[in-house]
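Before any comments, here is the structure.
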Amino acid sequence: MIFIVMDILTPEEKKILSIVCKYLKSQGLKEGNIEIDMDYGEFRADAVTQYNYFENSYNVEIPDELTKILTRVAEYIIKNDLIGMPDVENINYERLSISLDAIKKELTFEHYYSYYKVGEDQSTSFSEEDYEDEEENPIEVMFDEIEKNTDIRPKKNLIHLSYNGSGDSGYIDDYFMEGGMVPQFIHDWCYRRLESLYGGWEINEGSQGKFVFDIKNKVVDLHHENNIEESEYDTVFEEKF
């Protein structure tokens, strides 16, 4: 969504902005940028006053007169509720990006946000036939463990084991979704499958999924979903001078 706001800046403010543009160009900059982090969608107008240097050049100071103008525009944005709530889930990060373009002579405020979305399901099946050449068949051992465990309550011959990971930390649940503690052999086997098929499943954006144990057919299905980070921005204020 784009809001092009005209005639908010006063003639005196436009003169000041033009002078600041000359100042930026004299410092070898085509624009001056300020990035203000937002906390759960909250933005305060006085946040602008916390910055002494431009984001794209820590050697170039932000003039006090520019700070006053940016604060007034920020107050206008807040008063008119121009920063809308993004129509997405799992927002990871938000910021208000201010740009003073010294070439185009344009002042812009943009609402930037990033969020996670779930990628496509990636499925892999494991059966006894996959390990028939091994001395100990892990599929056979796992289903023997399940049959011996009276605490496990299968639903329609299926039991589910979930896992989740992000930010360099990941885990597989200690209990099946239908009830009953997961035997150690099954827990270890599942961890090895994740590492071999989806190494790094717990890093950065992470992933989630589940192991589905088909008791009747003695097949284990692994359903894996990666988290993908997307980003968007809305222009909430833009005016030429």
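Numbered per this note's numbering, the sequence shown finishes at 1577, counting up by one with no gaps.
Ideal Cβ positions, reconstructed from N, Cα and C, are used throughout, including at glycine.
Can you give me the Cβ contacts of Cys-1526 inside the same chain, cut-off strictly under 6 Å, excluding the 5 residues immediately before and after it? Ile-1508, Phe-1547
Could you spell out where the beta strand (DSSP E) holding Glu-1446 opens and where it closes? 1442–1454
Assuming Met-1513 contacts His-1496 under a Cβ cut-off of 8 Å, what Cβ separation, rounded to an integer in Å, is found between them? 4 Å
Kindly identify the DSSP beta-bridge partner or partners of Leu-1494. Lys-1491, Asp-1550
Give me the DSSP bridge partner(s) of Tyr-1394. DSSP lists no partner for Tyr-1394.
Same chain, Cβ closer than 8 Å to Lys-1440, neighbours up to 5 away in sequence not counted: Lys-1576
Identified DSSP bridge partners for Met-1517: Tyr-1511
Rounded distance between the beta-carbons of Ile-1427 and Tyr-1448, thought under 8 Å: With 8 Å as the limit, Tyr-1448 and Ile-1427 do not qualify as a contact, their Cβ atoms being about 11 Å apart.
Considering only DSSP beta bridges, list what Ile-1427 is partnered with. Tyr-1451
Helix, strand or coil: which one does DSSP assign to Thr-1346? coil
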